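Asks: What follows is a single structure, and I will ask about it in a moment.
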Amino acid sequence: MTENFKKIIGDLEEEIKELKDEHGNVLVFYEKAIELILSKIAQLKEYVLKTGFKNEQEEIHFFKYQWFVIKSYSFYDIHAAL
168 MTENFKKIIG DLEEEIKELK DEHGNVLVFY EKAIELILSK IAQLKEYVLK TGFKNEQEEI
228 HFFKYQWFVI KSYSFYDIHA AL
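With the first letter of the sequence shown counted as 1, position 79 gets the number 246 in our numbering; the numbers rise by one all the way through.
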């Protein structure tokens, strides 16, 4: 679970940087970045539903620490990228 999560976050960070470089218009950047974040959240959700968790501790760790990392992008990290 952790490796897939790290890959998704790494891809998201890279793609947000690319979006920043491509779009001079802030509104277009935000729109595209939100679409990207929502697609990564859907990808992560699909992975979790498909593979599940190894045990209860892994599930707790995911929702306590990892889930909020990707959700925070939609609130804080897009703005920080500008």
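C-beta atoms are modelled at their ideal positions from N, C-alpha and C, and glycine is treated no differently. Fair warning: this is a prediction, and the values are worked out from it, not measured in the lab.
Does DSSP put G177 in a helix, a strand or coil?
Replies: Residue numbering aside, residue 177 sits at position 10 when the sequence shown is read from its first letter. The answer is helix: DSSP assigns G177 an H, G or I state.
Asks: Let me know the secondary structure DSSP gives H190 once reduced to three states.
Replies: In the sequence shown, the residue the question calls residue 190 occupies position 23. Three-state result, H190: coil.
Asks: If we count the other Cβ atoms within 10 Å of its Cβ and call it buried at 16 or more, is A209 buried or exposed?
Replies: Indexing the sequence shown from 1 puts residue 209 at position 42. By the 10 Å Cβ count, A209 comes out exposed.
Asks: Using three-state DSSP, classify K221 as helix, strand or coil.
Replies: Here residue 221 is taken as the residue at index 54 of the sequence shown, counted from 1. Three-state result, K221: coil.
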